[in-house]
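Peer 1: One structure follows; several queries about it will come next.
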Amino acid sequence: MIVDVHTHCLRPQHWGREFDEHWKPIYGYDYPDHTPAEFDAAMSAGNVDVAVVFGLTAAAVGVRTPHEFVAQFCRETSTPTVGFMSLDPLDADVFDQVDEGMELGLRGVKLYPVLAGFSPADEDFRPFFDLLEKRGLVVLWHMGGSPSPESTLKYSQPLQLDDVARRHRGLRQIIAHMGHPWQRDTVQVLRSNSNVYADVSGLWARPFDGYLALMNAVEWGVVPKLLFGSDFPLWAPGDAQQGLRTVAAGSGAPLPAVADAVVDEIVNRDTCALLGLELTGA
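Count the sequence shown with my numbering and you get residues 25 to 306, in order.
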């Protein structure tokens with residue numbers, strides 16, 4: 025069974041001005057738009073059985089994906105999906121937004137502290153995380169670098185999540201992208217906290233860092249905490265799987281290869297069962 029735990033459904037207009045002004049000049053492309061049918065085709069080509077789907081929200085920079093859009097996108101796909109709401113805990117009505125998302129069948133939360141401008145470790149957010157834990161929601165964090173000058177990079181350091189994990193032992197969390205470029209720190213957070221996982225999305229984009237991240241996970245014994253994610257539409261799931269295997273092989277460098285079984289284990293992890301996720305609908 026292949027679960028892609030990191031796919032996006034947001035439209036270019038959900039980015040406001042942020043992508044065009046701060047990301048496009050660096051990456052050189054428009055944010056790729058896609059229909060539910062195109063999503064299904066990519067998931068099918070990558071043999072994905074279940075996909076976790078979400079948008080982005082960071083009020084400070086005008087980025088917001090409505091809950092209803094995510095729920096509707098999930099309804100229009102033939103791929104079995106688990107919809108996540110995207111939240112900004114700095115919103116005054118964020119508790120109401122949690123209720124709204126759950127009523128729509130969304131079963132997790134995507135958080136983006138580097139752009140939203142909040143510290144995950146701040147004690148002021150304890151009631152927010154208490155609520156998410158009480159409701160049984162899974163949190164997926166964007167942790168890691170950002171090209172935007174609006175970013176606050178210190179809020180994206182994975183070690184901040186150690187504080188969240190220790191305060192909220194029942195809150196299941198996923199660190200996206202293994203927290204690149206701080207993957208070594210992410211491995212230590214995974215090792216210390218049974219309720220924290222990481223996805224490998226985008227690891228292949230910087231092959232040497234990606235290779236070191238996988239080998240570090242092997243050496244510290246946290247491979248069972250790694251989840252497959254493609255970061256669609258930036259990568260299709262099939263391309264992501266191939267990229268992961270290429271990185272694991274050491275890209276031809278005279279380095280010890282990560283065993284194929286490690287990649288197979290990550291790609292075929294039953295993430296839904298591991299995290300207790302129910303399908304939003306197809």
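Glycine is no exception: its CB is placed at the ideal position from the N, C-alpha and C atoms. No experiment lies behind these values; they were computed from the predicted model shown.
Taking 8 Å as the cut-off, decide whether the C-beta atoms of Asp64 and Ile26 are in contact.
Peer 2: As a first step, residue 64 is located in the sequence shown; it is residue number 40 there, counting from the start. As a first step, residue 26 is located in the sequence shown; it is residue number 2 there, counting from the start. Contact: no.
Peer 1: With distance defined between alpha-carbon atoms, name the residue in Ser216, Asn219, Arg230 nearest to His201.
Peer 2: Here the question's residue 201 lines up with position 177 in the sequence shown. Minimum Cα distance to His201 is reached at Arg230.
Peer 1: Per the contact definition of three or more C-beta pairs closer than 8 Å, is the segment 157-172 in contact with the segment 135-144?
Peer 2: Yes, the segment 135-144 touches the segment 157-172.
Peer 1: Which residue from Asn240, Leu156, Pro205, His32 puts its Cα closest to that of Thr101?
Peer 2: Within the sequence shown, the letter at position 77 stands for residue 101. Of the candidates Asn240, Leu156, Pro205, His32, the one whose C-alpha sits nearest the C-alpha of Thr101 is His32.
Peer 1: Look at the Cβ atom of Gly70, then the Cβ atom of Ser254, and state whether they are nearer than 8 Å.
Peer 2: Counted from its first residue, the sequence shown places residue 70 at position 46. Counted from its first residue, the sequence shown places residue 254 at position 230. Going by C-beta atoms, Gly70 is nearer than 8 Å to Ser254.
Peer 1: Classify Pro113 as buried or exposed, calling it buried when 16 or more other Cβ atoms lie within 10 Å of its own Cβ.
Peer 2: For the purposes of this step, residue 113 is identified with residue 89 of the sequence shown, where counting begins at 1. Per the 10 Å Cβ criterion, buried.
Peer 1: Closer than 7 Å to a non-hydrogen atom of the ligand GTP - does that hold for the CB of Phe232?
Peer 2: This structure simply doesn't include the ligand GTP, nor any ligand for that matter.
Peer 1: Which same chain residues end up closer than 6 Å to Ile198 when comparing Cβ atoms and leaving out the 5 residues on each side of it in sequence?
Peer 2: Residue 198 sits at position 174 when you count from the first residue of the sequence shown. Excluding sequence neighbours, Ile198 sits near Leu164, Tyr221, Asp223.
Peer 1: Which whole-angstrom value is the C-beta distance of Leu250 and Ala241, which I expect to be below 8 Å?
Peer 2: Along the sequence shown, one-based indexing puts residue 250 at 226. Along the sequence shown, one-based indexing puts residue 241 at 217. So it is a contact: roughly 6 Å between Cβ atoms.
Peer 1: Please report the residue range of the beta strand (DSSP E) in which Phe108 lies.
Peer 2: In the sequence shown, the residue the question calls residue 108 occupies position 84. Here the beta strand (DSSP E) through Phe108 covers 105-110.
Peer 1: Suppose the cutoff is 7 Å on Cβ atoms and the five residues either side in sequence are ignored; what does the same chain contact list for Arg41 look like?
Peer 2: Here residue 41 refers to the residue found at position 17 of the sequence shown. So the list reads Gly86, once near-sequence residues are dropped.
Peer 1: In whole angstroms, what is the alpha-carbon distance linking Val247 and Ser216?
Peer 2: Position 223 of the sequence shown, counting from 1, holds the residue named residue 247. Position 192 of the sequence shown, counting from 1, holds the residue named residue 216. If I take the Cα positions, the gap works out to 14 Å.
Peer 1: Can you grab the Cα-Cα spacing for the pair Tyr235 / Asp288, in whole Å?
Peer 2: Your numbering for residue 235 matches position 211 in the sequence shown. Your numbering for residue 288 matches position 264 in the sequence shown. Spanning the two alpha carbons is a distance of roughly 15 Å.
Peer 1: Who are the Cβ neighbours of Thr105 in its own chain at under 6 Å, not counting the five residues just before and after it?
Peer 2: In the sequence shown, counting from the first residue as 1, residue 105 sits at position 81. Excluding sequence neighbours, Thr105 sits near Ala75, Val77, Cys98, Thr304.
Peer 1: Per DSSP, which one or two residues make a beta bridge with Ala320?
Peer 2: Given a span of 25 to 306 for the chain in the structure shown, any question on residue 320 remains unanswerable.
Peer 1: In the DSSP assignment, find the unbroken alpha helix (DSSP H) run with Leu214 in it and report its ends.
Peer 2: Within the sequence shown, numbered from 1, the residue matching residue 214 stands at position 190. Its alpha helix (DSSP H) spans residues 207-216.
Peer 1: Is the beta carbon of His91 closer than 8 Å to that of Glu45?
Peer 2: One-based indexing of the sequence shown puts residue 45 at position 21. One-based indexing of the sequence shown puts residue 91 at position 67. The answer is no: Cβ separation not under 8 Å.
Peer 1: Where do the N-terminal and C-terminal ends of the alpha helix (DSSP H) with Asp233 fall, by residue?
Peer 2: Here residue 233 is taken as the residue at index 209 of the sequence shown, counted from 1. 231-243 is the extent of the alpha helix (DSSP H) around Asp233.
Peer 1: Have a look at Asp263, Phe252, Ala260, Gly262 and flag the residue whose alpha-carbon is nearest the alpha-carbon of Val286.
Peer 2: The count along the sequence shown starts at 1 and reaches residue 286 at position 262. Selected option, being the one with the closest Cα: Phe252.
Peer 1: At 3 residues or longer, what runs of the beta strand (DSSP E) sit wholly inside the segment 57-141?
Peer 2: Counting only runs of 3 or more, we get 74-78, 105-110, 132-135.
Peer 1: Run through DSSP, which three-state label would Trp259 get?
Peer 2: Within the sequence shown, residue 259 is the residue found at index 235, counting from 1. If DSSP states are grouped into helix, strand and coil, Trp259 belongs with coil.
Peer 1: Give the range of the beta strand (DSSP E) segment to which Leu164 is assigned.
Peer 2: On the sequence shown, position 140 is the one that residue 164 refers to. Per DSSP, Leu164 belongs to the beta strand (DSSP E) from 162-165.
Peer 1: Do Phe323 and His192 have their CB atoms nearer than 8 Å?
Peer 2: With the chain running from 25 to 306 in the structure shown, residue 323 is simply not present.
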